[in-house]
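Right, one structure below, let's go through it.
Given below as structure tokens:
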């Protein structure tokens, strides 16, 4: 009998990835299918079609199905032993939606193992090009939804987020208003994650609480669909969505199609799929009080929160590994490009010079604070470069080394302020897990550690959604017995400690954080007060 293994799938925007791990959490197989390169017949760019209005962005559903056929054939020809797979789970790009035509459930159930799935399912979708997260064509639907429930803050209080154009409820509302006949032909609406799970299950898989929180439709506290939100989007929607389930649910055994075509065991279980961000939280193995910061083109924060306070910015989602708690996502647009521009302007384009300048200035920057937004920021909504001296007076420039520290301190203070707005609390056991380009720079990480007064660890997240899905497959098998994901993944490699906070950092930054939050209000309401320099 071959040693058991577990599969994690990631149906992302540009590719389909799979990882197999053994019982010791060691990766024993990985592969991917790149949509543009490996499936050129679909003519996508970056896995999607950007329509002529530049707002509508879709992906062909059958491309995702064909990618699954292709990767399974690759695994088969490499000699992968499917019989050893005990359970599988997966992730999908968040917010995207798939529209199953009436009668498709029969096709799914009775799939003939003689044929590839993309041939069997080619007539199953009422909408052949699925709206995805890059779409921003639903502004009018968003404003209708917010109006219907009593405003943006009220919608956030119910669903965890104000109305966003990419969120699924608004996309469904658009399809219903523009193509009511297509909506009528649809018997089930899936998220990309639950659509992918359906392919393995041979039946419609339910939407999980965590990915369901990215739709503007789920009451995140009660974990049921919000009647007022559903009614504002389209009639008879609850029936088309099915009931949401906990993210650790075992949905059933794998469809006979895979047993006969690939040699999977009839005992292989399918654990609910979730969104790629929630799956990454599992892959990074966040625990209560932890915060993960991805320092990339845009900076993204993942937070584990006990008692969230939804706001007009950021997103609160049900936690994929503990349905009693929540996770929050905050995105900051001015990330690495902003850091690189200041490096070029103030440190001759050299990170070494940049780090030296950072070290040459004192923590707290003698009270000099700055806001650096080359592009319109979303957290908060502001643009331009705004500098303030220790008396809160606006100044037109800083010396180069002061500018560098003001940028880095400002970026991290904003992250702490906005995280705390959503209900996040730094705890004695808090760890900050840093990833992305700037996480290689110790001097930048020291500022991060000092501002949050917590140790910073670095992690490798190259495949965090895929790996998180494989971890969740294992967890799903034991979750009903109250075993936590942390217990299941004890054997995984630990994050590496990078820096710890400097003594006295908390006392130093507390008054600065208060000042920064107050000044931010000035910056938001006067977006034209200072031109970008």
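Residue numbers (the UniProt record's numbering): 1 to 533. Yeah, the Cβ is synthetic: ideal placement off N, Cα and C, and Gly gets one too.
Inset, instruction - Pull up the distance between the alpha-carbon of residue 35 and that of residue 70, whole angstroms please. - result: On the chain shown, position 35 is the one that residue 35 refers to. On the chain shown, position 70 is the one that residue 70 refers to. Those two C-alpha atoms are separated by around 11 Å.
Legend entry - residue 546 versus 463, 462, 448, residue with shortest Cα-Cα distance: Nothing can be reported for residue 546, as the shown portion of the chain is limited to 1 through 533.
Inset, instruction - Would you please state the rounded distance, in angstroms, between the beta carbons of residue 39 and residue 66? I believe it to be under 8 Å. - result: Along the chain shown, one-based indexing puts residue 39 at 39. Along the chain shown, one-based indexing puts residue 66 at 66. The Cβ separation is near 6 Å, so the contact holds.
Legend entry - 8 Å contact criterion, which residue 202 and residue 108 should meet: CB distance rounded: On the chain shown, residue 202 is found 202 positions in, with the first residue counted as 1. On the chain shown, residue 108 is found 108 positions in, with the first residue counted as 1. The Cβ separation is near 5 Å, so the contact holds.
Inset, instruction - Express the C-alpha separation of residue 313 and residue 276 in angstroms, rounding to a whole number. - result: Walking along the chain shown from the start, residue 276 turns up at place 276. Walking along the chain shown from the start, residue 313 turns up at place 313. Roughly 20 Å separates the two Cα atoms.
Legend entry - For residue 489, the three-state DSSP class (helix, strand or coil): Here residue 489 refers to the residue found at position 489 when the chain shown is read from its first residue. The answer is coil: DSSP assigns residue 489 none of H, G, I, E or B.
Inset, instruction - Compute the distance between the beta-carbons of residue 94 and residue 133, then report whether it is under 8 Å. - result: Reading the chain shown from its first residue, position 94 is the one you call residue 94. Reading the chain shown from its first residue, position 133 is the one you call residue 133. Taking 8 Å as the Cβ cut-off, residue 94 and residue 133 qualify as a contacting pair.
Inset, instruction - Confirm, please, whether the CB-CB distance from residue 269 to residue 186 is below 8 Å. - result: As a working mapping, residue 186 is identified with position 186 in the chain shown. As a working mapping, residue 269 is identified with position 269 in the chain shown. In this structure, residue 269 does not lie closer than 8 Å to residue 186 by Cβ.
Legend entry - Three-state class that DSSP yields for residue 179 in the structure shown: Taking the first residue of the chain shown as position 1, residue 179 is located at position 179. The answer is coil: DSSP assigns residue 179 none of H, G, I, E or B.
Inset, instruction - Enumerate in chain order the residues of its own chain whose CB-to-CB distance from residue 562 is below 8 Å, with the five nearest sequence positions on each side excluded. - result: An answer regarding residue 562 cannot be provided, because it is not within the stretch 1 to 533 covered by the chain.
Inset, instruction - Measure the alpha-carbon distance for residue 267 versus residue 223 and round it to whole angstroms. - result: Your numbering for residue 267 matches position 267 in the chain shown. Your numbering for residue 223 matches position 223 in the chain shown. If I take the Cα positions, the gap works out to 29 Å.
Legend entry - Range of the contiguous beta strand (DSSP E) that encloses residue 15: On the chain shown, position 15 is the one that residue 15 refers to. Start and end: 15 to 22.
Inset, instruction - Quick one: measure Cβ to Cβ for residue 4 and residue 54, integer angstroms, because I've assumed they're closer than 8 Å. - result: One-based indexing of the chain shown puts residue 4 at position 4. One-based indexing of the chain shown puts residue 54 at position 54. Not a contact, Cβ separation roughly 48 Å.
Inset, instruction - Compute the distance between the beta-carbons of residue 265 and residue 505, then report whether it is under 8 Å. - result: Within the chain shown, residue 265 is the residue found at index 265, counting from 1. Within the chain shown, residue 505 is the residue found at index 505, counting from 1. Cβ distance not < 8 Å, so residue 265 and residue 505 don't count as in contact.
Inset, instruction - Taking only the alpha-carbon atoms, compute the straight-line gap between residue 413 and residue 463 and give it to the nearest angstrom. - result: Here residue 413 corresponds to residue number 413 of the chain shown, with the count starting at 1. Here residue 463 corresponds to residue number 463 of the chain shown, with the count starting at 1. Distance between the alpha carbons of residue 413 and residue 463: 29 Å.
Inset, instruction - Count the CB pairs spanning the segment 306 to 321 and the segment 491 to 509 that are closer than 8 Å, and state whether there are at least three. - result: no
Legend entry - Limits of the unbroken alpha helix (DSSP H) element including residue 261: Residue 261 sits at position 261 when you count from the first residue of the chain shown. Residues 256 to 262.
Legend entry - Residue closest to residue 300, alpha-carbon to alpha-carbon, out of 114, 113, 378, 101: If you number the chain shown from 1, residue 300 lands on position 300. Ranking 114, 113, 378, 101 by Cα distance to residue 300 puts 378 first.
Inset, instruction - List the whole-angstrom C-beta distance separating residue 293 from residue 233, where the pair is believed to meet the contact cut-off of C-beta under 8 Å. - result: The residue labelled residue 293 in the question sits at position 293 within the chain shown. The residue labelled residue 233 in the question sits at position 233 within the chain shown. About 34 Å separates the two Cβ atoms, so there is no contact after all.
Legend entry - Residue range of the unbroken beta strand (DSSP E) whose run includes residue 8: Numbered from its first residue, the chain shown carries residue 8 at position 8. Counting along the chain, the beta strand (DSSP E) containing residue 8 begins and ends at 5 to 11.
Legend entry - Span of the beta strand (DSSP E), counted from its first residue to its last, around residue 315: Stepping through the chain shown from its first residue, residue 315 is reached at position 315. Run containing residue 315: 315 to 318, per the beta strand (DSSP E) assignment.
Inset, instruction - Taking only the alpha-carbon atoms, compute the straight-line gap between residue 405 and residue 437 and give it to the nearest angstrom. - result: Residue 405 sits at position 405 when you count from the first residue of the chain shown. Residue 437 sits at position 437 when you count from the first residue of the chain shown. Answer to the nearest angstrom: the Cα atoms are 18 Å apart.
Inset, instruction - Might you give, ordered along the chain, the residues of its own chain that have their beta carbon closer than 6 Å to the beta carbon of residue 360, omitting 5 neighbours on each side? - result: The sequence position of residue 360 within the chain shown is 360, counting from 1. Excluding positions up to five away in sequence, the list reads 401.
Legend entry - Local conformation of residue 172 per DSSP, three classes: Taking the chain shown and counting its residues from 1, one reaches residue 172 at position 172. Reduced to three states, the DSSP call for residue 172 is helix.
Inset, instruction - Would you mind stating whether residue 96 and residue 137 have Cβ atoms separated by less than 8 Å? - result: Here residue 96 refers to the residue found at position 96 of the chain shown. Here residue 137 refers to the residue found at position 137 of the chain shown. Not closer than 8 Å, so no.
Inset, instruction - With residue 409 as the anchor, note down where its alpha helix (DSSP H) starts and where it stops. - result: Within the chain shown, residue 409 is the residue found at index 409, counting from 1. Per DSSP, residue 409 belongs to the alpha helix (DSSP H) from 400 to 421.
Inset, instruction - Kindly identify the DSSP beta-bridge partner or partners of residue 386. - result: On the chain shown, residue 386 is found 386 positions in, with the first residue counted as 1. Its beta-bridge partners are 371.
Legend entry - Buried versus exposed, by CB contacts within 10 Å (16 or more), residue 432: As a first step, residue 432 must be located in the chain shown, where it is residue number 432. With 16 or more Cβ atoms within 10 Å of its Cβ, residue 432 is classed as buried.
Inset, instruction - Could you check the C-alpha separation between residue 98 and residue 466 for me, to the nearest Å? - result: Mapped onto the chain shown, residue 98 falls at position 98. Mapped onto the chain shown, residue 466 falls at position 466. Approximately 21 Å between the Cα atoms of the pair.
Inset, instruction - Keeping to the same chain, check which residues put their C-beta closer than 6 Å to that of residue 367; ignore five residues upstream and five downstream. - result: Your numbering for residue 367 matches position 367 in the chain shown. Contacts found: 390.
Legend entry - Helix, strand or coil at residue 275 according to DSSP, with G and I counted as helix: Within the chain shown, residue 275 is the residue found at index 275, counting from 1. The answer is strand: DSSP assigns residue 275 an E or B state.
Inset, instruction - Quick one: residues in its chain with C-beta nearer than 8 Å to the C-beta of residue 13, no 5 flanking neighbours on either side, listed in chain order? - result: One-based indexing of the chain shown puts residue 13 at position 13. Within the same chain, residue 13 has close Cβ partners 46, 47, 48, 59, 93, 132, 133, 134.
Inset, instruction - Figure out for me which residue from 209, 460, 75 has the closest Cα to the Cα of residue 325. - result: Residue numbering aside, residue 325 sits at position 325 when the chain shown is read from its first letter. Ranking the options by Cα distance to residue 325, first place goes to 209.
Inset, instruction - Can you tell me which of the three DSSP states residue 299 falls into? - result: Here residue 299 refers to the residue found at position 299 of the chain shown. DSSP places residue 299 in strand when its eight states are reduced to three.
Legend entry - residue 290 versus residue 281: straight-line alpha-carbon distance, rounded: Along the chain shown, one-based indexing puts residue 290 at 290. Along the chain shown, one-based indexing puts residue 281 at 281. Distance between the alpha carbons of residue 290 and residue 281 is about 10 Å.
Legend entry - Per-residue burial, residue 18 [other beta carbons within 10 Å of its own, 16 or more giving buried]: Walking along the chain shown from the start, residue 18 turns up at place 18. With 16 or more other Cβ atoms within 10 Å, it is buried.
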